[in-house]
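Worksheet: one structure, shown below.
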Amino acid sequence: MSSSFNVRSAAGYERLMGRWSRLLAEPFIRFAGLEDGERVIDVGCGTGSLTFALPQAAAIGEIAAVDFSPVFVEEAQRRNRDARITIRQGDATAIPFEDGRFDRALSLLVLHFVPEADKAVAEMRRVVRSGGVVAAAVWDHLGGMSVMRMLWDTAAALDEEAQAPRSRYCFQPMTGPGEMRRSFVAQGLRDVTESALTIRMNYENFADYWEPISAGEGPIGKYVAGLDETRRTTLNRAVRAAYEAGKPDGPRSFAATAWACRGIAP
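Quick note on our numbering: the sequence shown kicks off at 1057 and runs consecutively.
Put into structure tokens, the structure is as follows:
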């Protein structure tokens, strides 16, 4: 399996998205449910936003975390201080555990970067016991991520070459209403429920917003990093104007919404 999310450094990812995925982990856990003593697998654990939130929510028996990126796995292993947690490199479309091993299979902000997302859902179903829970959440790129649309829409207005990657971003698989639900149902999960989860992304100033993107992390960072100096400077000025919106630079808060889906293994 490949991933459509480019990783340069764990620290860069933390500034771009990790700090927000940690905020999303709590409402996602409430949506997915969690019970003391359960065995849980975190599919696509990244730097551990969900993994390390799970023991804070319940007296978990075991947590297995897997991620495709060795950069993320190394960082999550470095942070781990809990003997119940094991972290290893693994493929979401070929999860390295036997059938029915876990009570819950959870995935936070991952499925939209998996080229064969339906296969990943099938694998999550496979590794949970009968009656176990499969749950996932992904950002609503088109309608729920104003903080990223602000940059993509500005870039597309300035540069025709940004229009194709903007479209890919806005319509990534699993990010639209009902997409995950249809996949869960198609993979045989029952009692499938879809909901929306919203957090706030709070930035100290424009630099706090721009610098993680300009460092080259993620799809939008890849686009910005590929610009020549003149086009990057022009984009920076235009996005700054959008961020500031006619007021002095400083703190700004943006709503960010994710689709969440939960189903029961037969």
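We put the CB at the ideal spot given by N, CA and C, even for glycine. Remember, it's a predicted structure, so these values are computed and weren't measured experimentally.
- Judged by beta-carbon spacing, Arg1160 lies within the 9 angstroms limit of Val1190, meaning their Cβ atoms are closer than that value.
- Fully enclosed beta strand (DSSP E) runs of no fewer than 3 residues occupy 1095 to 1099 of the stretch 1058 to 1118, in order along the chain.
- Distance from Met1180 to Ser1163 at the Cβ level is roughly 7 angstroms; contact confirmed, criterion being Cβ atoms closer than 8 angstroms.
- In its chain, beyond the 5 residues on either side, Phe1087, Ala1316 have a beta carbon closer than 7 angstroms to the beta carbon of Ser1251.
- Burial of Pro1268 is indicated by the presence of at least 16 other C-beta atoms within 10 angstroms of its C-beta.
- In summary, Asp1123 is buried, with 16 or more beta-carbon neighbours lying within 10 Å of its beta-carbon over all protein chains present.
- Contact between Trp1266 and Thr1231 does not hold, since the beta-carbon distance rounds to 23 angstroms and is not under 8 angstroms.
- Residues Ser1270, Ala1271, Gly1272 of the same chain have their beta carbon placed closer than 8 angstroms to that of Ala1281, with the five preceding and five following residues left out of the count.
- Between Ile1097 and Ala1120, the C-beta spacing is below 9 angstroms.
- Within the same chain, Cβ atoms closer than 7 angstroms to the Cβ of Lys1175 are found at Thr1149, the five residues on either side in sequence being excluded.
- Rounded to the nearest angstrom, the Cβ distance from Leu1090 to Leu1110 is 7 angstroms, consistent with a contact under 8 angstroms.
- Here the stretch 1251 to 1262 lies against the stretch 1300 to 1307, with 3 or more beta-carbon pairs under 8 angstroms apart.
- In this structure, the CA atom of Gly1117 is about 16 angstroms from the CA atom of Asn1136.
- The Cβ atoms of Leu1165 and Ala1193 lie closer than 9 angstroms to each other.
- In this structure, the beta-carbon distance from Tyr1069 to Phe1128 falls below 9 angstroms.
- At a Cβ-Cβ threshold of 9 angstroms, Leu1080 and Leu1253 count as neighbours.
- Secondary structure within the stretch 1247 to 1289: the alpha helix (DSSP H) runs of 4 or more consecutive residues, fully enclosed, are 1262 to 1270, 1274 to 1281 (chain order).
- Listed in chain order, the non-local C-beta contacts of Pro1083 below 6 angstroms within the same chain comprise Leu1253, local neighbours out to five positions each way being set aside.
- Arg1095 sits buried, since 16 or more C-beta atoms from the chains shown fall within 10 Å of its C-beta.
- Per DSSP, Asp1147 is not a residue of any alpha helix (DSSP H), being assigned neither H nor E.
- With distances taken between CA atoms, Leu1291 lies nearest to Glu1217 out of Glu1217, Val1099, Arg1140, Gln1112.
- Between Ile1255 and Trp1076, the beta carbon gap of about 7 angstroms places them in contact (Cβ cut-off 8 angstroms).
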